[in-house]
DNA sequence: CACGCGTGGCT
DNA sequence: TAGCCAAGCGT
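In our numbering, the protein residues as written are 766 to 1163.
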């Protein structure tokens, strides 16, 4: 028995298979992959740039969602240089609606890193890849194994689910240390030949055969090796602690038009939630309620009618915050609900006309934009929902 | 280590 | 409906 296997047993109490069984597992997995692998756009290339783009997009995102984004992104930015040089507006527009937007900002930083520190040549091994912004243990292993044939694991949620079932591993997946366990275990199992195909095969099996709530044993090489399946306890794996519930937040949004029929847009701060995306002026209702608890607190899921006093408060707020005066009072146009990974937003949008704006603080980053030009601004989904609401508001009126 | 960070599909 | 889940990473 090799030294590494003893370590696995000693440190994590895992009984690894013998060499013959490992070999047979590798053969079965690769044979399954050859017959059943999905035909995906990024599987038709060995270009590390394209593999990288696909892996970043696939983080916490389903394959079907990624495909159209991937096609468009590669067509517009076909190589590291074009990504390094593209403007932030266009970059965010390409990622608009895909979520986790720091991914694409990190990717551009990494592209610039590759140009400057690597002379434009893509790093060709896991260790160097992980020095790039946005490339962690999973993506480093994936790109190294798939694009460069390095014998190294790519441990993601699928891999951990599949292997926690194979070996009945009870460790909590939400702990960082548990990932180290799987890295060590998989290091003993990934084959020298076709490591990239092997890694992708395990992920495909996790996505289609050993799913969170469904186990499909048909045309599936796993059951022969799966201790949890054999004892009919696969549903108990993986062990994962519950996530914290989203926090509810309530906002008013103001769709403010000037006399040229342009809307006031505000660019969000360059860090934090929805960084650098455009929004209509957005106010947490608590901003108002701290002054007077009774003012502007909505009581229903319907768009609230603002009292005369409430409307006065809104005008005062817009004047103070944006040096903006509007001739007409805000009119409710509906309600927008949106769920993030960690927050829940309820937004009540109001329409205002006849706005005039004075001296604007430079750090606010405001712009007037015509409705027809919205396509050149990157909007997150809650803002897109508000635009939809405005459109149907117009349709109902006519 | 715990948390912040999006969105859409599915049950 | 509300919760769970998906090819994670940075701080």
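Backbone N, C-alpha and C fix where the C-beta goes; we use that ideal spot for every residue, glycine too.
Residue i versus the options, residue with shortest Cα-Cα distance
i: residue 997; options: 933, 962, 984, 1034; result: 933
i: residue 797; options: 1117, 1018, 976, 967; result: 967
i: residue 834; options: 813, 1073, 869, 810; result: 869
i: residue 1075; options: 1084, 1053, 1090; result: 1053
i: residue 916; options: 899, 949, 896; result: 949
i: residue 1006; options: 936, 1141, 853; result: 936
i: residue 1151; options: 1021, 821, 1072, 1082; result: 1021
i: residue 878; options: 864, 867, 893, 1147; result: 893
i: residue 1105; options: 864, 1136, 783; result: 864
i: residue 1041; options: 848, 901, 861; result: 861
i: residue 924; options: 914, 830, 944; result: 944
i: residue 886; options: 849, 914, 921, 1115; result: 849
i: residue 973; options: 1024, 802, 959, 1118; result: 802
i: residue 1084; options: 828, 825, 791, 1121; result: 1121
i: residue 856; options: 1163, 1153, 1141; result: 1141
i: residue 1116; options: 1159, 913, 1138; result: 1159
i: residue 940; options: 978, 1004, 959; result: 1004
Own chain, CB closer than 6 Å to residue i, minus 5 neighbours either side, in chain order
i: residue 767; result: Confidence is the limiting factor: at residue 767 the pLDDT is only 47, short of 50, which leaves the residue's position unreliable and the question unanswerable from this model.
i: residue 875; result: 897, 898, 899
Residue i (DSSP reduced to helix, strand or coil)
i: residue 777; result: helix
i: residue 1129; result: helix
i: residue 1107; result: coil
i: residue 1047; result: strand
i: residue 829; result: helix
i: residue 1122; result: strand
i: residue 887; result: coil
i: residue 795; result: helix
i: residue 815; result: helix
i: residue 1031; result: strand
i: residue 1135; result: strand
i: residue 1070; result: coil
i: residue 943; result: helix
i: residue 907; result: helix
i: residue 836; result: helix
i: residue 920; result: coil
i: residue 766; result: Reliability of the predicted coordinates at residue 766 is poor, the pLDDT of 43 falling under 50, and the value obtained from them is presented with this limitation in mind. DSSP places residue 766 in coil when its eight states are reduced to three.
i: residue 1160; result: helix
i: residue 782; result: coil
i: residue 1052; result: helix
i: residue 1153; result: helix
Neighbourhood of residue i by C-beta, 7 Å cutoff - its chain only, sequence neighbours within 5 removed
i: residue 962; result: 795, 798
i: residue 818; result: 835, 838, 839
i: residue 952; result: 918
i: residue 841; result: 859
Proximity of residue i and residue j at Cβ, strictly below 7 Å
i: residue 930; j: residue 984; result: no
i: residue 1028; j: residue 1046; result: no
i: residue 926; j: residue 906; result: no
i: residue 1068; j: residue 1100; result: yes
i: residue 999; j: residue 980; result: yes
i: residue 871; j: residue 846; result: no
i: residue 986; j: residue 793; result: yes
i: residue 1011; j: residue 1108; result: yes
i: residue 1165; j: residue 1145; result: With the chain covering 766 to 1163 only, the question about residue 1165 has no answer from this structure.
i: residue 1156; j: residue 1044; result: no
i: residue 946; j: residue 777; result: yes
i: residue 911; j: residue 816; result: yes
i: residue 813; j: residue 908; result: yes
i: residue 1079; j: residue 1095; result: yes
i: residue 1110; j: residue 1014; result: yes
i: residue 1130; j: residue 1032; result: yes
Same chain, Cβ closer than 8 Å to residue i, neighbours up to 5 away in sequence not counted
i: residue 832; result: 805, 806
i: residue 1070; result: 1097
i: residue 1001; result: 993
i: residue 957; result: 916
i: residue 1082; result: 1048, 1052, 1053
Near the ligand NAD: residue i beta-carbon under 6 Å from a heavy atom
i: residue 897; result: Inclusion of the ligand NAD in the displayed structure is not the case, the ligand content being empty and no account of it being possible.
Next on the checklist: What ranges does the alpha helix (DSSP H) occupy inside the stretch 952–1022, keeping only unbroken runs of at least 4 residues that lie completely in it?
Outcome noted: 960–973, 992–995
Checklist entry - Counting only runs that start and end within the stretch 1073–1117, where is the beta strand (DSSP E) found for 3 or more residues in a row? => result 1089–1091, 1101–1104
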